[in-house]
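In the numbering used here, the protein residues as written are 174 to 322. Yeah, the Cβ is synthetic: ideal placement off N, Cα and C, and Gly gets one too.
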């Protein structure tokens, strides 16, 4: 799978750990930064990842900041993107299975690296069920103006 990853300066260490784990799991990972401790505007990174996913460059994305909240809010501003904050494996699975979320977000100040790797793996191993939740996901797109009523 083609994975985009990005973060702000609060999450570079965790991002690097996750990027390595995802690569070792056989995925093709593109890193959108940031790459150091210099402060960045996390909306810029989140929107870059979200736009790249909508353009078809990547299958899924992983975004990190201190809490995971800011990057989730930012990515969700891109029409068609569904970014879900996840801090446990069940939420990560449901983000894909029930909500067809193209992006998960994680808080580097909230969870540690081992749990983060488990969450990411749970997400990447999950597929959208296209069952009862499909109508709900379509309704989200309708409210975004992407689908007719």
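Practice item. Count the C-beta pairs between the region 292–309 and the region 182–199 that are closer than 8 Å, then say yes if the count reaches three, no if not. Key: yes
**Study point:** Own chain partners of residue 290 with C-beta closer than 6 Å, once the 5 adjacent residues on each side are dropped
**Key:** If you number the chain shown from 1, residue 290 lands on position 117. Cβ within range, chain order: 194.
Review point. Buried or exposed: residue 215, going by 16 or more other Cβ atoms within 10 Å of its Cβ?
Key: Taking the first residue of the chain shown as 1, we reach residue 215 at position 42. Buried.
Review point. Just checking my contact of residue 283 with residue 241 at CB under 8 Å: how many whole Å lie between their CB atoms?
Key: If you number the chain shown from 1, residue 283 lands on position 110. If you number the chain shown from 1, residue 241 lands on position 68. Contact flag correct, Cβ pair sits at about 7 Å.
Review point. Can the beta-carbon of residue 176 be found closer than 8 Å to that of residue 233?
Key: To locate residue 176, count along the chain shown from 1; it is residue 3. To locate residue 233, count along the chain shown from 1; it is residue 60. Contact: yes.
Point to revise | Cut-off 8 Å between Cβ atoms - residues of its own chain near residue 253, not counting five sequence neighbours on either side | key: Translated into the one-based positions of the chain shown, residue 253 becomes position 80. Cβ neighbours of residue 253 beyond the five flanking positions: 227, 314, 317 and 319.
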